[in-house]
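Encoded as structure tokens, the structure appears first; notes follow it.
Residue numbers (the working numbering), protein chains in the order written: chain A, 944 to 1118; chain B, 132 to 587.
Listed below in structure tokens is the structure:
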């Protein structure tokens, strides 16, 4: 319990020294990872039934060689791949946005530094320190968020490609 | 113009030269007049000289008598002078004696007065910036009077005054450790004066009704033009109504030395002023951002409508031409008899026609998302140019001179990012919508046609 309170205090201190932009980055990271986990859960659970449904429908058809059948097969693959690709764009956008948020925090911190400079005349480096930490911490946080997202995004993109490929292989044209 | 100035100068110079003569009192209106006047005054002067000479000759006889009289007066004055000098020396000796007597009697008191005088001066300085002065007036007048008295050699402070000095020091110490409420006149930012209850937190802050106050040079209490965050104002309000226990409160640590932090706050800009610091580039970025948002919302609404119609079309069997999918299916309907390859080509053509309407605005959004940070960079560079111009003019010694350019530089960067970030998000959302509809058109329309044909 004590350790938990200490950790909470540490997080609070970190957020306070990072400034308001850090909350935006935290929100963005949370949103991004929610989407990533949603995808992971989908690939592990929902996808299987979607693929099975498509395969069953395809296997249940009388003939699978005519032009019409081919078009129906494409449509089926397209529908499942649409599900597979759901939210993937948003994850990518979040990964791209994280460093931008970091930059925003940096500039915000610099504004604070120059405010202090304008008030004190720059005599006291200690008073500028809060602005400097407000400038550097969000950059770091933005980078960490982007990096974590990049790995997850790469994994998800490859997984999605492979699953689409597998689906195409399952829907065989000749029996 | 030039000649008239020269004339004026000449007139002034000439007037200066002849000002002793009566003629000069008349005003010369032109250079010729002046010349005439100078000539006349010469004549008048030579007449005066002649008169004086005659007078002198007449009085020559009396000279000896006058001389004798003057000599008598001189002797009398010399005697008086010697007498006064003697008296002065006697009195000086007496003064010396008295002074010595005073020194003897003062003894160690002299040292004490020295300490007292420096203590009083210290107290004067601390009272000057102390917020306690807002509550107790008349303290500075007393100490000023005491200091003036001690600086003269002839006056000594009375016991009552010494005791009051001690009392004031004690009071300052005790009061700076108290949180008290009292009524006084407060000057509002609009100049209006009201009588209200204020809370003094030791020597650190004055607050009233959740507003932070400052004490000006005349020991008058005035409301700060710009207040701290609402969080701190709420704390101040809570402090005023609380009667017991503890109450969180934000204080200005520089309070005892004049409260420079709170005073500096008046100069720090708020969000709107910061936005204006971005200057023209900032306004352009804002306009571009607003346009991007409006465009994105408009496209989103349009695509929602189209998406809903496409969904309805997916459920119905007959093609409806109010939506892209319906129009593509209608092409298939018209060409029922033709073979698969031809039908596919016809449908592809129909899809190609629908594409621009669905994708319109998307590229613009993407460009804005990319251009906004670049505009921010442009503002940064122009701000830096202003900064360096300030350095050229004022030198690099004063950071305040450079602050304007730097804040403009940074604000545009912030604005650029603030526009780019939501635009990227909106582009992703709008693009997702458009893509879904296009997928249905491109990859599924032929399948839908085939499915419909099989169902019949």
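Even glycine gets a Cβ: it sits at the ideal position worked out from N, Cα and C.
Computed from a predicted structure; not experimentally measured.
What is the rounded straight-line gap between the Cα of residue i and the Cα of residue j?
i: residue 944(A); j: residue 951(A); result: 11 Å
i: residue 1014(A); j: residue 567(B); result: 18 Å
i: residue 431(B); j: residue 1010(A); result: 36 Å
i: residue 270(B); j: residue 250(B); result: 14 Å
i: residue 1106(A); j: residue 976(A); result: 21 Å
i: residue 456(B); j: residue 1021(A); result: 15 Å
i: residue 529(B); j: residue 544(B); result: 24 Å
i: residue 1100(A); j: residue 1069(A); result: 46 Å
i: residue 204(B); j: residue 237(B); result: 48 Å
i: residue 326(B); j: residue 280(B); result: 36 Å
i: residue 570(B); j: residue 467(B); result: 23 Å
i: residue 1023(A); j: residue 413(B); result: 45 Å
i: residue 1075(A); j: residue 525(B); result: 26 Å
i: residue 385(B); j: residue 1079(A); result: 28 Å
i: residue 252(B); j: residue 275(B); result: 9 Å
i: residue 321(B); j: residue 354(B); result: 10 Å
i: residue 162(B); j: residue 178(B); result: 25 Å
i: residue 992(A); j: residue 999(A); result: 10 Å
i: residue 1050(A); j: residue 541(B); result: 6 Å
i: residue 527(B); j: residue 364(B); result: 38 Å
i: residue 362(B); j: residue 560(B); result: 36 Å
i: residue 409(B); j: residue 1053(A); result: 15 Å
i: residue 352(B); j: residue 389(B); result: 13 Å
i: residue 548(B); j: residue 400(B); result: 20 Å
i: residue 396(B); j: residue 403(B); result: 15 Å
i: residue 242(B); j: residue 209(B); result: 46 Å
Would you kindly report the start and end of the unbroken beta strand (DSSP E) that includes residue i?
i: residue 515(B); result: First-last for residue 515(B): 493 to 525, but that is the alpha helix (DSSP H), not the beta strand (DSSP E).
i: residue 325(B); result: 324 to 332
i: residue 311(B); result: 310 to 318
i: residue 342(B); result: 342 to 346
i: residue 1055(A); result: Element bounds for residue 1055(A): not the beta strand (DSSP E) but the alpha helix (DSSP H), 1031 to 1063.
i: residue 354(B); result: 352 to 354
i: residue 337(B); result: 336 to 339
Would you kindly report the start and end of the unbroken alpha helix (DSSP H) that includes residue i?
i: residue 199(B); result: 194 to 237
i: residue 267(B); result: Per DSSP, residue 267(B) belongs to no alpha helix (DSSP H) and is neither H nor E.
i: residue 997(A); result: 989 to 1002
i: residue 944(A); result: No alpha helix (DSSP H) contains residue 944(A), which DSSP labels as neither H nor E.
i: residue 460(B); result: 455 to 465
i: residue 451(B); result: Note, residue 451(B): premise wrong, no alpha helix (DSSP H); not H, not E.
i: residue 305(B); result: 290 to 306
i: residue 190(B); result: 162 to 190
i: residue 1105(A); result: 1068 to 1113
i: residue 477(B); result: 471 to 490
i: residue 376(B); result: Run containing residue 376(B): none; DSSP gives neither H nor E here.
i: residue 1024(A); result: 1010 to 1028
i: residue 403(B); result: 402 to 408
Going by Cα to Cα distance, which pick from the options is closest to residue i?
i: residue 263(B); options: 585(B), 544(B), 299(B) and 564(B); result: 299(B)
i: residue 987(A); options: 1103(A), 1068(A) and 1073(A); result: 1103(A)
i: residue 575(B); options: 991(A), 1019(A) and 1057(A); result: 1019(A)
i: residue 310(B); options: 282(B), 324(B) and 375(B); result: 375(B)
i: residue 394(B); options: 1108(A), 1071(A), 1079(A) and 1063(A); result: 1063(A)
i: residue 272(B); options: 286(B), 290(B), 295(B) and 287(B); result: 295(B)
i: residue 307(B); options: 293(B), 292(B) and 337(B); result: 337(B)
i: residue 562(B); options: 305(B), 522(B) and 490(B); result: 490(B)
i: residue 589(B); options: 352(B), 392(B), 211(B) and 244(B); result: Here chain B comprises residues numbered 132 to 587, so residue 589(B) is not present and cannot be evaluated.
i: residue 532(B); options: 1058(A), 1110(A), 1090(A) and 1084(A); result: 1058(A)
i: residue 339(B); options: 349(B), 358(B), 348(B) and 396(B); result: 358(B)
i: residue 1114(A); options: 1026(A), 1077(A), 1032(A) and 995(A); result: 995(A)
* Taking 8 Å as the threshold, find out whether the stretch 1091 to 1099 of chain A comes into contact with the stretch 1030 to 1039 of chain A through three or more Cβ pairs. => yes
* Touching or not, the stretch 551 to 562 of chain B and the stretch 1042 to 1049 of chain A, by the rule of three or more beta carbon pairs under 8 Å? -> yes
* **Members of the stretch 1038 to 1057 of chain A that neighbour chain B once the beta carbon cut-off is set at 8 Å** => 1039, 1040, 1043, 1044, 1046, 1047, 1050, 1051, 1053, 1054 and 1057
* **At least three beta-carbon pairs within less than 8 Å, the stretch 524 to 538 of chain B to the stretch 469 to 489 of chain B** => no
* To do: Specify whether the stretch 343 to 357 of chain B and the stretch 307 to 327 of chain B touch according to this definition: at least 3 beta carbon pairs, one from each stretch, less than 8 Å apart.
  => yes
* **Against chain A: residues of the stretch 566 to 583 of chain B by CB proximity under 9 Å** => 566, 567, 570, 571, 573, 574, 575, 576, 577, 578, 579, 580, 581 and 582
* Three or more C-beta pairs below 8 Å linking the stretch 426 to 446 of chain B and the stretch 506 to 524 of chain B -> no
* Asked: Given a limit of 9 Å on CB to CB distance, which residues of the stretch 1076 to 1088 of chain A reach chain B?
  -> none
* **Cβ contact check for the stretch 380 to 398 of chain B and the stretch 420 to 437 of chain B: 3 or more pairs under 8 Å** => no
* Asked: Within the chosen definition, does the stretch 475 to 482 of chain B reach the stretch 503 to 512 of chain B through at least 3 CB pairs nearer than 8 Å?
  -> no
* For the stretch 357 to 377 of chain B and the stretch 327 to 342 of chain B, state whether three or more C-beta atom pairs, one from each stretch, are separated by less than 8 Å. => yes
* Asked: Which residues, in chain order, does the stretch 530 to 545 of chain B contribute to contact with chain A at a C-beta distance below 8 Å?
  -> 530, 531, 534, 537, 538, 541, 542, 544 and 545
* Taking a Cβ distance cut-off of 9 Å, strictly less, list which residues of the stretch 1008 to 1026 of chain A are near chain B, in chain order. => 1009, 1010, 1011, 1012, 1013, 1014, 1015, 1016, 1017, 1018, 1019, 1020, 1021, 1022, 1024 and 1025
* Residues of the stretch 548 to 564 of chain B with Cβ closer than 9 Å to any Cβ of chain A, in chain order -> 548, 549, 551, 552, 555, 556, 558, 559, 560, 562 and 563
* Residues of the stretch 461 to 481 of chain B whose Cβ lies closer than 7 Å to any Cβ of chain A, in chain order -> 471
* To do: Please list the residues of the stretch 381 to 413 of chain B that have a C-beta atom closer than 9 Å to any C-beta atom in chain A, keeping them in chain order.
  => 391, 392, 395, 396, 398, 399, 400 and 405
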